[in-house]
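Have a look at the structure below, then the notes.
Number of protein chains: 2
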Amino acid sequence: MGEKRVIGIDLGGTNIKVAAVDESGKIVVKEERPTEAPRGAAFVLDRIADMARTVAQRAGWSWNDVTGIGAGIPGFLDFEKGMIEESPNLGWKKISVVEELNRRLQVPVVVENDANVAALGEAWIGAGRGHRHILAITIGTGIGGGLIIDGMIYHGANGMGGEIGHIVIDPQGDRCNCGNRGCLETITSATAIVRHAKRRLEAGEESSLQEVAALTARDVFDHARQGDAVACSVVGHMTETLGYALSLAANILNPELIVIGGGVSKAGDILFKPLYDSFSKYALARVCDAVAFRPAELGNDAGVLGAARLSMLASS
Amino acid sequence: MGEKRVIGIDLGGTNIKVAAVDESGKIVVKEERPTEAPRGAAFVLDRIADMARTVAQRAGWSWNDVTGIGAGIPGFLDFEKGMIEESPNLGWKKISVVEELNRRLQVPVVVENDANVAALGEAWIGAGRGHRHILAITIGTGIGGGLIIDGMIYHGANGMGGEIGHIVIDPQGDRCNCGNRGCLETITSATAIVRHAKRRLEAGEESSLQEVAALTARDVFDHARQGDAVACSVVGHMTETLGYALSLAANILNPELIVIGGGVSKAGDILFKPLYDSFSKYALARVCDAVAFRPAELGNDAGVLGAARLSMLASS
Chain A
1 MGEKRVIGID
11 LGGTNIKVAA
21 VDESGKIVVK
31 EERPTEAPRG
41 AAFVLDRIAD
51 MARTVAQRAG
61 WSWNDVTGIG
71 AGIPGFLDFE
81 KGMIEESPNL
91 GWKKISVVEE
101 LNRRLQVPVV
111 VENDANVAAL
121 GEAWIGAGRG
131 HRHILAITIG
141 TGIGGGLIID
151 GMIYHGANGM
161 GGEIGHIVID
171 PQGDRCNCGN
181 RGCLETITSA
191 TAIVRHAKRR
201 LEAGEESSLQ
211 EVAALTARDV
221 FDHARQGDAV
231 ACSVVGHMTE
241 TLGYALSLAA
251 NILNPELIVI
261 GGGVSKAGDI
271 LFKPLYDSFS
281 KYALARVCDA
291 VAFRPAELGN
301 DAGVLGAARL
311 SMLASS
Chain B
1 MGEKRVIGID
11 LGGTNIKVAA
21 VDESGKIVVK
31 EERPTEAPRG
41 AAFVLDRIAD
51 MARTVAQRAG
61 WSWNDVTGIG
71 AGIPGFLDFE
81 KGMIEESPNL
91 GWKKISVVEE
101 LNRRLQVPVV
111 VENDANVAAL
121 GEAWIGAGRG
131 HRHILAITIG
141 TGIGGGLIID
151 GMIYHGANGM
161 GGEIGHIVID
171 PQGDRCNCGN
181 RGCLETITSA
191 TAIVRHAKRR
201 LEAGEESSLQ
211 EVAALTARDV
221 FDHARQGDAV
231 ACSVVGHMTE
241 TLGYALSLAA
251 NILNPELIVI
261 GGGVSKAGDI
271 LFKPLYDSFS
281 KYALARVCDA
291 VAFRPAELGN
301 DAGVLGAARL
311 SMLASS
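Laid out in structure tokens, this is it:
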């Protein structure tokens, strides 16, 4: 078999990213368009197919040279059937993505949960290069989790492997989208950081955050760096809780590496230092000795790169 | 290669069990002798070697027919070097078990953590038959944990994979042997059940347990079954906590099966029913859907059988 030329697809609730990726992990061409999920699955699948053909063409690849397509999708998948069981973000249920894309593109298609795909991307050519056992989390609207074991995505029994965002930390806590209360993501996601800060501000606490118009998690970290007490307290609670949750996962998984992704992961020491302090307080000493923490390196490209890698592994 | 005839060794802090095991998982001959760990590592290793030759002889096997030896050892191991880093139960540090047994027995030797070995035994011919992803815990003096992924023992980065006993549940809780406070095993081990019951009795609570001379975890379950309020409360706290802890592990691992071993696992419905109720309250619905709970089946033989299997896998 000649060099692999694959198309990596990162299907999100807001945008679709599609890239032509070569075997070395180089993105030759990338496109991004809005998902417009409310227009229905057929519309979205047509758009993806069109984007795939477009990036291949712009990369100067004949369609016959494309060896495969990988796609990361937000939601619960049936891997054997190549089917989305349910994607709350897209409003999809029981969509045979592999079959639908296959029909449109006549190329082997592999699908995977988006958090797993991002983890695979980081393991391949990002923060996880050279490591076998990796726990990757993404701090965003929720807390995504992907698990790499022996260099491969770990699915578990039915595709839920690595779903650390929904471990319950505080049974009396805020209601989570999953139906439970106090899941990790209700405390440590970017959304939760903003919600917690707003609550403190609404309670009338004095803070430089009062002046920020449309508050983001990044603002909270920025103001904490400048010493604002409310921002420091919100960040403190977030890092203490996330460090604790990662200690639970690490005592069980004994990973070599924990990769933290999402916008918040760019906050640097103000995130990573207290996070590791909390982690090391709760994790077994030998587990601490074995693990490194690293920010994700691939940013918004983790999805398309991981999806491309998925296709390469499937055809190797 | 002909039929495998292996020796499985289960080295415990109190007793050594050694068995001649055939390829079907049948124990042909088994021996048990006290460990007498205070007499030193050389004494214990000599005793193991002697027991291995004895069971082979009693099984009617010529020593040349023995294809390998597997050993389960309580403690932290360096698998690549075949070395015990540290075994608090045995009082051993830096003992090259593989080399030492090899020299005494001239047969290939594989060593493994005892909880992992028990998990492998159950996966092979016990409660876990036919399952790929298994979390096995043993409720005893502590809470041992072993993880089977894709049918193989999962070690993690440095042999700590599956150490669920030391996830911190209550940072203000009782001091654990590991140095932390409120580890799962300080709340849900057999030792902890007895400690909690005794505390309630010492505080003067009325209970049928007051009449029991040398209280065991089994007594607590027996009296709970008869409706004793203190026993019910202790069992309730234990099952609520263990169910919660298993939900954390299961959301991350998405196992097909959770095997519960140790003496307490024979308690039946009074353990398993509230345990599953607690688990399903906290775990994701899809994770619950995929997992079954089962008591371990191999009892005291899990160790020698798992150790035998370990040797078979190593030579296959």
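In the order they appear, the protein sequences are chains A and B. Letter by letter, the first sequence follows residues 1 to 316 in UniProt numbering. Letter by letter, the second sequence follows residues 1 to 316 in UniProt numbering. Every residue gets a Cβ at the ideal spot worked out from N, C-alpha and C, and that includes glycine.
In the structure shown, A/Arg200 adopts helical secondary structure according to DSSP, grouped into three states. Taken through DSSP and simplified to helix, strand or coil, A/Trp92 comes out as strand. Ranking A/Val287, A/Leu101, A/Ile139 and A/His131 by CA distance to the CA of A/Leu45 puts A/Leu101 first. DSSP, reduced to helix, strand and coil, places A/Asn64 within a helical segment of the structure shown. In this structure, the alpha-carbon of B/Ile187 lies about 32 Å from that of B/Gly8. Note: B/Cys183 is bridge-paired with B/Val168 in the DSSP secondary-structure output. Judged by beta-carbon spacing, A/Ser278 lies within the 9 Å limit of A/Glu240, meaning their Cβ atoms are closer than that value. Under the three-pair Cβ rule at 8 Å, the segment 121–130 of chain A does not count as touching the segment 154–165 of chain B. The alpha-carbon separation between B/Glu205 and A/Gly306 amounts to approximately 59 Å.
Around the C-beta of A/Pro274, 16 or more other C-beta atoms lie within 10 Å, and the residue is accordingly described as buried. DSSP places B/Ser87 in the uninterrupted beta strand (DSSP E) bounded by Met83 to Ser87. Between the segment 189–200 of chain A and the segment 289–298 of chain B, the count of C-beta pairs closer than 8 Å stays below three; the two stretches do not touch.
For B/His166, the neighbours in chain A by C-beta distance under 8 Å run, in chain order, Asn251 and Leu284.
Taken in chain order, the complete beta strand (DSSP E) segments of 3 residues or longer contained in the segment 110–152 of chain B are 134–139 and 143–149. When the five nearest sequence neighbours on each side are left out, the beta carbons in the same chain lying within less than 8 Å of the beta carbon of B/Gly142 are those of Gly165, Asn177, Glu185, Ser189 and Thr191, in order along the chain. The Cβ atoms of B/Ala115 and B/Gly162 lie closer than 9 Å to each other. Around the beta carbon of A/Arg309, a 10 Å sphere encloses 16 or more other beta carbons of the protein chains shown; the residue is thus reported as buried. Taking a beta-carbon distance threshold of 9 Å, A/Cys178 counts as an interface residue toward chain B. Shown here for B/His223: same chain residues with a beta carbon closer than 6 Å to its own, the five before and five after excluded, namely Ser208, Leu209 and Ala231 in chain order. Partner residues in the beta bridge of A/Phe293, as assigned by DSSP, are A/Ile258. The beta carbon of A/Ser87 sits no closer than 9 Å to any beta carbon of chain B. For B/Tyr276, the closest C-alpha among the options B/Ile252, B/Ala267, B/Tyr244 and B/Val304 is that of B/Tyr244.
Inter-residue distance for B/Glu99 and B/Gly262 is about 31 Å (C-alpha atoms, whole angstroms). Between B/Gly12 and B/Asn89, the CB-CB gap stays under 9 Å. Just measuring C-alpha positions, the residue of B/Asp10, B/Ala250 and B/Ile167 sitting nearest A/Leu284 is B/Ile167. Following the DSSP letters along the chain, one finds B/Ala20 inside the beta strand (DSSP E) bounded by residues Asn15 to Asp22.
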